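Contents: one structure, followed by commentary.
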Amino acid sequence: MLSQGIFYKRNSTLRIHGLTFPLNAILNAAALCMTLVVNGLANSLPLNGQTTGEISARFPVLFTPAPFTFSIWGLIYLLLLTFAVYQLFPAQHTALFLDRIGYWFALSCVLNCAWLVLWHYEQFALTFIVMLGLLGSLVVMYQRLNIGRRRVTLPEKWMVNVPFSVYLGWISVATLANFAVVLSALNIDSLGLPPIVFTLILLLIATGLAMSMMLRRNEIAYPLVIVWALIGIAARHQQALPVLAVPAALLACIMMMTLIFVRLETNPELLNGIKTP
Numbered sequence: 068m069l070s071q072g073i074f075y076k077r078n079s080t081l082r083i084h085g086l087t088f089p090l091n092a093i094l095n096a097a098a099l100c101m102t103l104v105v106n107g108l109a110n111s112l113p114l115n116g117q118t119t120g121e122i123s124a125r126f127p128v129l130f131t132p133a134p135f136t137f138s139i140w141g142l143i144y145l146l147l148l149t150f151a152v153y154q155l156f157p158a159q160h161t162a163l164f165l166d167r168i169g170y171w172f173a174l175s176c177v178l179n180c181a182w183l184v185l186w187h188y189e190q191f192a193l194t195f196i197v198m199l200g201l202l203g204s205l206v207v208m209y210q211r212l213n214i215g216r217r218r219v220t221l222p223e224k225w226m227v228n229v230p231f232s233v234y235l236g237w238i239s240v241a242t243l244a245n246f247a248v249v250l251s252a253l254n255i256d257s258l259g260l261p262p263i264v265f266t267l268i269l270l271l272i273a274t275g276l277a278m279s280m281m282l283r284r285n286e287i288a289y290p291l292v293i294v295w296a297l298i299g300i301a302a303r304h305q306q307a308l309p310v311l312a313v314p315a316a317l318l319a320c321i322m323m324m325t326l327i328f329v330r331l332e333t334n335p336e337l338l339n340g341i342k343t344p
């Protein structure tokens, strides 16, 4: 297993001011701090004289949601900070989740920073390769944590599972958008398909991923992130391209109704609580 192989040695520890911490817990916290600094500098300097959003706005990618949608990054980093702090508490040093995460989170942070640098210096083909690596590292953690299938304590659910579900959900959307940008940068927009048709396909892929998470893992956080992205896409195109806005809004509504149905089906006590006067 990777957690007991070259990529992670469980007994690796580090002493800081007389306190002993798992090495990967320290690396997780340090890597997240590095990511926050790089993200801040990328847009405050900005890197290569342009912000992340300014570069994105240059490409006519219809799948890119409205600017307000990207505020989710604030939530993502807040959730990841709660994870980084939680895993440093002594009670969590022998927790199974820390063993299963190994060094994958630290790797995802390095890839996040690498993507930003490559994006700002317009190495778009490389950004997609790095994005796939970031997505892959999150998928590995998600699978190893067995999110949605393994019973965990309430603190672990909110401080480990939810942060990674939300992060994976947004990176899933970002990967599709990055793919569309790369095609545009290479002058093969939409793989030769009409842009609206291509975007509708991407919407269906995102919805399919969310539905799969709901039905196979009884997930809530991941599909809600996809719903948020669809709302952003619908908001962006509501006036100029209702042919995209309407399907995006409908898919968001369908997912919300499915999510409610699945929750009531798997947690009948919720329905009983509604019926009780």
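This note's numbering puts the first residue of the sequence shown at 68, with every later residue one more than the last.
Glycine included, every Cβ here is placed at the ideal spot set by N, Cα and C.
A quick note: this is a predicted structure, and the numbers were derived from the prediction, not measured.
Residue i, DSSP secondary structure in three states
i	result
F126	coil
R82	strand
P335	helix
G72	Low per-residue confidence applies at G72: pLDDT is 43, beneath 50, and the placement is therefore not dependable, though the value from the model is reported in the following sentence. If DSSP states are grouped into helix, strand and coil, G72 belongs with coil.
P132	coil
T118	coil
P89	strand
I255	coil
L276	helix
L112	coil
A307	coil
L318	helix
L260	coil
T343	The pLDDT assigned to T343 is 47, lower than 50, so where the model puts this residue is not dependable; a value taken from the coordinates is nonetheless given after this. The answer is coil: DSSP assigns T343 none of H, G, I, E or B.
Identity of the residue in the options nearest residue i by Cα
i	options	result
V248	A124, Y170 and I300	A124
L201	L221, G215, L178 and W186	L178
Q306	A133, T80 and L108	A133
V240	R216, R211 and M198	M198
L185	Q159, I122, I139 and F164	I122
L61	R218, N115, G120 and P127	For the chain, the structure presents residues 68 to 344; residue 61 sits outside this window and is missing.
A319	N245, T274 and S251	T274
A277	R167, H304, R303 and T325	T325
G141	F191, W237, F130 and H160	W237
P157	F195, N115 and L81	L81
F246	T131, M101 and F164	T131
H187	R330, L114, H160 and S79	L114
L331	A301, L282 and L317	L282
I255	A192, I196 and G215	A192
L174	L205, R217, T118 and G215	L205
N285	G203, Y170 and N334	N334
First and last residue of the uninterrupted alpha helix (DSSP H) at residue i
i	result
G141	I139 to Y153
N285	Per DSSP, N285 belongs to no alpha helix (DSSP H) and is neither H nor E.
Proximity test, residue i beta-carbon vs the ligand NAP heavy atom, cut-off 7 angstroms
i	result
E286	Ligands displayed in this structure: none; no statement on the ligand NAP is therefore possible.
Is the stretch 288-296 touching the stretch 227-245 in the sense that three or more CB pairs, one from each, lie closer than 8 angstroms?
yes
Three or more beta-carbon pairs under 8 angstroms between the stretch 297-309 and the stretch 261-281, yes or no?
yes
At 4 residues or longer, what runs of the alpha helix (DSSP H) sit wholly inside the stretch 147-224?
163-168, 171-187 and 191-212
Does the stretch 85-104 come into contact with the stretch 207-225, if we say contact requires no fewer than three beta-carbon pairs (one atom in each stretch) closer than 8 angstroms?
no
Check whether the stretch 260-267 and the stretch 309-319 are in contact - that is, three or more C-beta pairs closer than 8 angstroms.
yes
Three CB pairs or more closer than 8 angstroms across the stretch 103-110 and the stretch 167-183:
yes
Should the stretch 209-221 be called in touch with the stretch 136-150, which here means at least 3 C-beta pairs below 8 angstroms?
no
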